[in-house]
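If you're matching positions, the sequence shown starts at 1 in full-length UniProt numbering and goes up one per residue. Ideal placement from N, C-alpha and C gives every residue a C-beta, glycine not left out. Note that this is a predicted model, so its numbers are computed, not measured. Here is the structure we will look at.
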Amino acid sequence: MSDFEDNPLHIGGPPRKLRKIQHRAQKFRKEWCSLPDFKDWLIPDENDIFKAKCSLCKSSMVAELSNIKNHGKGIKHKQIVTAGTVKQTSISNFVQTDKKFKLKTQIQRAKIKISAFI
């Protein structure tokens, strides 16, 4: 027997196709920024009104409340929050500019030049 005959609820004709409901894009809402869970890190994405941005992780996400909540629960986000503020290392830590260091390098260069000359 066919599927139509096996189903007692089916009354003649081909089965109806179910319509797939399309997802409607959600715009970013300013009031989300004032919620206590999001106020420290959530900002709107300046390039897309349908996206939100995490100011700590520098990541962009679709502006849906469930996605924003899931980002807040994420491992990477939690690590950054527990670490405190994200600080970038200053370039002055890599470059020494004191006078003694300059004198030392000048002496070393002079020694190398003298040894190459001999």
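Distance from Trp41 to Ser55 at the Cβ level is roughly 5 Å; contact confirmed, criterion being Cβ atoms closer than 8 Å.
Contact between the stretch 57-77 and the stretch 104-111 is not established, with fewer than three Cβ pairs separated by less than 8 Å.
Between the alpha carbons of Ile21 and Ile80 lies a gap of roughly 38 Å.
Ser66 and Gln26 have their C-alpha atoms spaced approximately 11 Å apart. Between Asp37 and Ser60, the CB-CB gap reaches or exceeds 8 Å. Relative to Ala83, the option among Asn70, Cys57 and Lys69 whose CA is nearest is Cys57. The secondary-structure analysis by DSSP pairs Ile43 across a beta bridge with Lys53. For Ser60, the enclosing beta strand (DSSP E) begins and ends at Ser60 to Val62. For Gly72, the enclosing alpha helix (DSSP H) has its first and last residue at Leu65 to Lys73.
Under the three-state reduction of DSSP, Phe38 is assigned to coil, being neither helix nor strand.
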